[in-house]
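Asks: Mind having a look at this structure? Questions to follow.
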Amino acid sequence: MSKNSKSRARKGQKKKGLQWWAIPVALLTFIIILSLTYLAFQSAHQTPLTLWKLDNESRLAFEQREPVSGVSSVIETADNYTVEKVVYKSFGDNVYGLLRIPKNVTNPPVVIVLPGARVTKEADAPTAKALASWGYASLTLDERGNNGETPGSSAMDLNSGYQAFTVNGNPVQYAQVFDVLQGYEYLKTRSDLNGSNVAVLGESMGGRFAIVSAALEPGMKGVFVVSSGPYGLEKTGNPAADEYVSSVEPATYLSMLPQRKLVMFHFTDDPVIPVAQGKALYEAAGEPKAWYEYNGTVHGVYSDIYAEDLRAELKAVLG
1151 MSKNSKSRAR KGQKKKGLQW WAIPVALLTF IIILSLTYLA FQSAHQTPLT
1201 LWKLDNESRL AFEQREPVSG VSSVIETADN YTVEKVVYKS FGDNVYGLLR
1251 IPKNVTNPPV VIVLPGARVT KEADAPTAKA LASWGYASLT LDERGNNGET
1301 PGSSAMDLNS GYQAFTVNGN PVQYAQVFDV LQGYEYLKTR SDLNGSNVAV
1351 LGESMGGRFA IVSAALEPGM KGVFVVSSGP YGLEKTGNPA ADEYVSSVEP
1401 ATYLSMLPQR KLVMFHFTDD PVIPVAQGKA LYEAAGEPKA WYEYNGTVHG
1451 VYSDIYAEDL RAELKAVLG
């Protein structure tokens, strides 16, 4: 055989060898690329947290909470209190709040304040100022969709919440509850506050979230509700829709509240949530509880009319 023939034969053998081992290598490469593509797709299409679940009674639960490493900065100093702007993470978003701390109390108890719909943390200052004057610190949150700094659609939009629920997303109503629980965790990181002595106060829409969050957090000492009540949605016969409705209704969580006291304040001519609705929610709750009813049209804001009763109940719950 000539040298050229031998050379061509070796090249042919080399080429055949290359084809033989290239097939499994190419297959392995394809599998790796496919796996990486799938993981990238999953990462791109997953929400920041999908940790919620519902139990057999359609009650919300969170499998775990995010580590809280909030930041704060002093934005106001008065004779009797300081105000800090607080930011922490919840469901992958920044949640903004105002922390008002009285100067004349060491390690004060704290009240988490949830304003009504479309009421910002700044606009709800009268409640926070009253609490500070009584010796309580307060963390007032910007609820999602209330024209404040915390992002998200309005918690009043139950349709968008249900659409998220149907695709295993994160309904804004669930995120709002988680915001409160994360705020509670943040308070426990503050050595200047009594993080083991915390209650939640909700006004109007905020009252619904206050009940749910207090039910889910055994460390809460009590829940105070101003001008609030159930959503009052009728069951539809659609299992998914009915499950979602039950999961956001505060009445679903009342059995989880004791031994945390429920205190409700309502006005007889409330133009937004009729007093009868608030009373029905109260009557469905177990002890301990207290109901205060006043004449007037006040809805979802601080009022001197109920101030002394609120102060007395806070003292009984938080000291």
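With the sequence shown counted from 1, adding 1150 to any position gets you this note's numbering.
From the three backbone atoms N, C-alpha and C, an ideal C-beta is built for every residue, glycine too.
Can you tell me the Cβ-Cβ gap for V1218 and E1234, rounded? I've got them flagged as a contact below 8 Å.
Replies: That belief does not hold up - the Cβ atoms of V1218 and E1234 are roughly 15 Å apart, past 8 Å.
Asks: Take E1393 and list the residues in its own chain whose beta-carbon comes closer than 6 Å to its own, dropping the five residues that flank it on each side.
Replies: Answer for E1393: S1208, listed in chain order.
Asks: Starting from T1277 and walking both ways along the alpha helix (DSSP H), at which residues does that stretch end?
Replies: Element bounds for T1277: A1275 to S1283.
Asks: For the segment 1276-1356, list the beta strand (DSSP E) runs that are entirely contained and at least 3 residues long, ordered along the chain.
Replies: Runs of the beta strand (DSSP E) inside the segment 1276-1356: 1287-1291 and 1348-1353.
Asks: Enumerate, from N- to C-terminal direction, the unbroken beta strand (DSSP E) stretches of 3 or more residues contained entirely within the segment 1362-1439.
Replies: Within the segment 1362-1439, the complete beta strand (DSSP E) runs of at least 3 residues are 1370-1376 and 1411-1417.
Asks: Terminal residues of the continuous beta strand (DSSP E) containing Y1231?
Replies: It spans Y1231 to S1240 - the beta strand (DSSP E) in which Y1231 sits, taken as one unbroken run.
Asks: Tell me the residue span of the beta strand (DSSP E) that contains L1201.
Replies: Neither: L1201 is in no beta strand (DSSP E) and is coded neither H nor E.
Asks: Quick check on R1335: buried or exposed, where buried means 16 or more other Cβ atoms within 10 Å of its Cβ?
Replies: Reading the sequence as shown, one finds Glu at residue 1335 and not Arg. Burial call: buried.
Asks: Sort out for me which residues DSSP pairs Y1442 with in a bridge.
Replies: DSSP lists F1415 as partners of Y1442.
Asks: Whole angstroms are fine: how far does the CA of R1410 sit from the CA of Q1332?
Replies: Each residue's Cα considered, the two are about 19 Å apart.
Asks: Which residues in the same chain as F1191 place their Cβ atom closer than 7 Å to its Cβ, once the five residues preceding and following it in sequence are excluded?
Replies: Note that F1191 has pLDDT 37, beneath the 50 cutoff, so the model's placement of it is unreliable and the number below is only indicative. So the list is empty, once near-sequence residues are dropped.
Asks: Please name the residue in V1260, E1367 and T1270 whose C-alpha comes closest to that of L1210.
Replies: Selected option, being the one with the closest Cα: E1367.
Asks: Hey, how far is the Cα of S1391 from the Cα of M1406?
Replies: For the record, residue 1391 in the displayed sequence is Ala; it is not Ser. Taking the straight line joining both Cα atoms gives about 23 Å.
Asks: Closer than 8 Å is the cut-off here; do at least three beta carbon pairs connect the segment 1245-1261 with the segment 1277-1287?
Replies: They touch, by the three-pair rule.
Asks: Looking at F1374 and A1349, is the spacing between their C-beta atoms short of 8 Å?
Replies: Going by C-beta atoms, A1349 is nearer than 8 Å to F1374.
Asks: Assuming R1461 is part of the alpha helix (DSSP H), what are its boundary residues?
Replies: From DSSP, the alpha helix (DSSP H) with R1461 extends over D1454 to L1468.
Asks: Taking the C-alpha atoms as reference points, what is the distance between E1299 and V1448?
Replies: Between E1299 and V1448, the C-alpha separation is close to 26 Å.
Asks: Excluding the 5 residues preceding and the 5 following T1339 in the sequence, name in chain order all residues of the same chain whose CB lies nearer than 7 Å to its CB.
Replies: For T1339, where only same-chain residues beyond five positions count, the Cβ hits under 7 Å are V1218.
Asks: In terms of residue numbering, what span does the beta strand (DSSP E) encompassing V1263 cover?
Replies: V1260 to L1264 is the span of the beta strand (DSSP E), which, as asked, contains V1263.
Asks: Determine whether the beta carbon atoms of V1376 and G1450 lie at a separation below 8 Å.
Replies: Contact: yes.
Asks: Would you kindly check if the distance between the Cβ of P1265 and the Cβ of E1293 is under 8 Å?
Replies: It is a contact, given that the beta carbons lie within the stated cut-off.
Asks: Output the distance between the C-alpha atoms of Y1456 and S1354, rounded to the nearest integer angstrom.
Replies: Y1456 and S1354: Cα-Cα distance of roughly 15 Å.
Asks: May I ask which residues mark the beginning and end of the beta strand (DSSP E) holding V1245?
Replies: Counting along the chain, the beta strand (DSSP E) containing V1245 begins and ends at D1243 to P1252.
Asks: What's the gap between the Cα of G1319 and the Cα of T1386?
Replies: Each residue's Cα considered, the two are about 21 Å apart.
Asks: Is the shortest distance between the beta-carbon of P1408 and the beta-carbons of chain D less than 8 Å?
Replies: Absent from the structure is chain D; it holds one protein chain and no more.
Asks: CB V1317 to CB S1303, shorter than 8 Å?
Replies: Contact flag unset, no.
Asks: Assign G1446 to one of two classes, buried (16 or more other C-beta atoms within 10 Å of its C-beta) or exposed (fewer than that).
Replies: The residue is exposed, with fewer than 16 neighbouring Cβ atoms inside 10 Å.
Asks: Can L1431 and P1389 be called in contact, C-beta distance under 8 Å?
Replies: Their beta carbons are not under 8 Å apart, which means L1431 does not touch P1389 by this criterion.
Asks: Are the Cβ atoms of V1330 and G1372 separated by less than 8 Å?
Replies: The answer is no: Cβ separation not under 8 Å.
Asks: Do R1250 and Y1238 come within 8 Å of each other at the CB atom, strictly closer than that value?
Replies: Not a contact, by the Cβ cut-off of 8 Å.
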